[in-house]
Amino acid sequence: MSQQMLLQEMMDKFGFKKENLAAYLGVNGKILNSWFASSLSTEYTPMPNGVFNYISEFIEKNSLSGVYNLPLRNKISFFGKNHLLSVEQFDRDSIEEVFSIADLMVPIARRKKISRVLEGAVLGNLFFEASTRTRVSFGTAFCRLGGSVCDTTGFTFSSMAKGESIYDTSRVIAGYVDIMVVRHPDRGSVSEFARASNIPIINGGDGPGEHPSQALLDLYTIKNEFSRLNKSLDGAHISLIGDLKYGRTVHSLIKLLSLYKNLKISLVSPIGLEMPESIINYASRNGNIVSVESSVKKGLSGADVVYATRVQKERFESEFEFRYESDFHINSEKINAFCNKDTIIMHPLPRDSNVGSNDLSTDLNNDDRLAIFRQSDNGIPVRMAIFAILLGVENIVHRNLRDVEWSRPVYISFADAAFHNL
Ligand code: ASP
3 MSQQMLLQEM
13 MDKFGFKKEN
23 LAAYLGVNGK
33 ILNSWFASSL
43 STEYTPMPNG
53 VFNYISEFIE
63 KNSLSGVYNL
73 PLRNKISFFG
83 KNHLLSVEQF
93 DRDSIEEVFS
103 IADLMVPIAR
113 RKKISRVLEG
123 AVLGNLFFEA
133 STRTRVSFGT
143 AFCRLGGSVC
153 DTTGFTFSSM
163 AKGESIYDTS
173 RVIAGYVDIM
183 VVRHPDRGSV
193 SEFARASNIP
203 IINGGDGPGE
213 HPSQALLDLY
223 TIKNEFSRLN
233 KSLDGAHISL
243 IGDLKYGRTV
253 HSLIKLLSLY
263 KNLKISLVSP
273 IGLEMPESII
283 NYASRNGNIV
293 SVESSVKKGL
303 SGADVVYATR
313 VQKERFESEF
323 EFRYESDFHI
333 NSEKINAFCN
343 KDTIIMHPLP
353 RDSNVGSNDL
363 STDLNNDDRL
373 AIFRQSDNGI
383 PVRMAIFAIL
393 LGVENIVHRN
403 LRDVEWSRPV
413 YISFADAAFH
423 NL
């Protein structure tokens, strides 16, 4: 068998992508490509015998047992590295795997069980932009798996204020900690951190770019809510409303949703804050219909999920740059008029509570269709799953559980309606 056929068999049988395979064999993409090249081409190099034999034995052994499963972090790797930078790293199967690991984490997140699988590991939480939920929930998730957290917040108190580059910051911190979560105001900046690091980097939000962990927890919430309501995601109607131009959560979410089939995705935004064309094109696959609606009424009508977002004022040059031309307030009057009894209302939070902000109203707080706190609670098991996967302990979590002995809160997570006696 030729080396090209052998490599192809390895990819086909075990689901390796080229970059995973290169990482698995410990070579860079260029070398792998030269092994794949035709022996007549100038690019071609012969594969060392040791590698050829190793792959042959791997195929033989694992085809017989039929149980070889590529570790999840290899399946979702970012060009062969264990980072989480974009939702484009996922397919439907890998998402399902992430969610079943998140399910395993729920008893820990709900303070019924204790795990120490990450004991000794240190997380570097580097937030160069405002954050409450993402920073605290990543930190909490890491602690709940037994690890410890080191934080830095804002530019002012970091050496970036002294002119330090992303490269130097990332190189230095990678020497101190085992995994990093980074938030930074520039699109693409977290990938720049990743290029300078030999430890896993998680994108906690790169300006108006992406927010992959938020999209995962949003999708996890939608799937959980749908299973409670006996609904299927394929074929559902999802409305994304608000600042779709700068909102990174909706950019990541719509890309993840596009892995599902026959969705109707309605986009409603104030003029000037529309979803970028390239993302609409990306999302319009698998028979999904993405339509830009001209009014809140049209966008909300018949939706299974209403996902509202805040206007990202921090992306504007001046505070006065943006004015609403119509009423974008999502409140109980509109939800009752245009939505169904089982519509789910979501928001990545924070809600902008300033007068005239036109954000999601608080008058829905006692409506159990409002899933925003169940959604933020889901950030913990999903982020625990992300850490466990990237650090390779997802298969041993269940072996390391102990019961909680301290007095824990009574109502946590999905039963949050109980807070309101509903
Ligand atoms: N917390 C989310 C984010 O960081 C949403 C928002 O800020 O509006 O992108």
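Counting along the sequence shown from 1, when you hit position 131 you're at 133 in our numbering, and nothing is skipped either side.
By construction, the Cβ of each residue, glycine as well, lies at the ideal position given by its N, Cα and C atoms.
Quick one: grab the DSSP three-state call for residue i.
i: I78; result: coil
i: A132; result: coil
i: Y309; result: strand
i: D153; result: strand
i: S102; result: helix
i: H253; result: helix
i: R404; result: strand
i: H422; result: Legend: pLDDT at H422 = 40, less than 50; position of this residue unreliable, value from coordinates given subsequently. In the structure shown, H422 sits in a helix (DSSP, three-state: H, G or I).
i: M12; result: helix
i: F416; result: Residue placement at F416 is flagged as unreliable, the pLDDT there being 49, under the threshold of 50; the coordinate-derived value follows with that caveat. It is helical.
i: K83; result: strand
i: Q6; result: helix
i: V119; result: coil
i: V29; result: coil
i: I346; result: strand
i: I398; result: coil
i: L258; result: helix
i: L372; result: strand
i: S160; result: coil
i: P73; result: coil
i: C341; result: coil
i: M277; result: coil
i: V354; result: Per the sequence presented here, residue 354 reads as Asp, with Val not at that position. Coil at D354, not helix or strand.
i: L147; result: coil
i: P210; result: coil
So, are the CB atoms of residue i and residue j less than 9 Å apart?
i: G207; j: E316; result: no
i: Y262; j: F101; result: no
i: G122; j: G149; result: yes
i: S241; j: L269; result: yes
i: I204; j: L392; result: yes
i: S363; j: H331; result: yes
i: N333; j: L366; result: yes
i: L128; j: L147; result: no
i: V192; j: L66; result: no
i: G211; j: R189; result: yes
i: I78; j: G126; result: no
i: V406; j: I116; result: yes
i: G237; j: L275; result: no
i: D1; j: R312; result: The chain is shown from 3 up to 424; residue 1 falls before or after that span and cannot be answered.
i: V151; j: V124; result: yes
i: P411; j: V108; result: no
i: A39; j: N30; result: no
i: N76; j: N22; result: yes
i: A305; j: N338; result: no
i: S271; j: A217; result: no
i: V307; j: H239; result: yes
i: P350; j: G209; result: no
Using 10 angstroms around the beta-carbon of residue i, count the other beta-carbons present and answer buried if the total reaches 16, otherwise exposed.
i: R385; result: buried
i: K429; result: The requested residue 429 does not occur in the structure, where the chain is confined to residues 3 to 424.
i: Q314; result: buried
i: A196; result: buried
i: T136; result: buried
i: L231; result: exposed
i: P352; result: exposed
i: L424; result: Note that L424 scores 40 on pLDDT, short of 50, meaning its location in the model is unreliable; the coordinates nonetheless yield the value given after this. So L424 counts as exposed.
i: Q10; result: exposed
i: H422; result: Below a pLDDT of 50, predicted positions are generally treated as unreliable, and H422, at 40, falls in that range; no measurement from the model is reported.
i: P278; result: exposed
i: A143; result: buried
i: Y169; result: exposed
i: M12; result: buried
i: S260; result: buried
i: G358; result: exposed
i: S161; result: exposed
i: S215; result: buried
i: N84; result: buried
Can you pull the DSSP bridge partners for residue i?
i: G126; result: C152 and M182
i: N205; result: V184
i: L362; result: I332
i: V270; result: I243
i: I391; result: According to DSSP, which records beta bridges pairwise, I391 is partnered with nothing at all.
i: I291; result: K266
Under 8 Å from any heavy atom of the ligand SAM, does the C-beta of residue i make it?
i: N232; result: The ligand content of the structure shown is limited to the ligand ASP, which means the ligand SAM is not among them.
**Asked** So which residues touch the region around the ligand ASP, with touch meaning a C-beta under 7 Å from any heavy atom?
**Response** S133, R135, T136, G207, H213, Q216, G249, R250, T251, T311, R312, Q314, P350, L351 and P352
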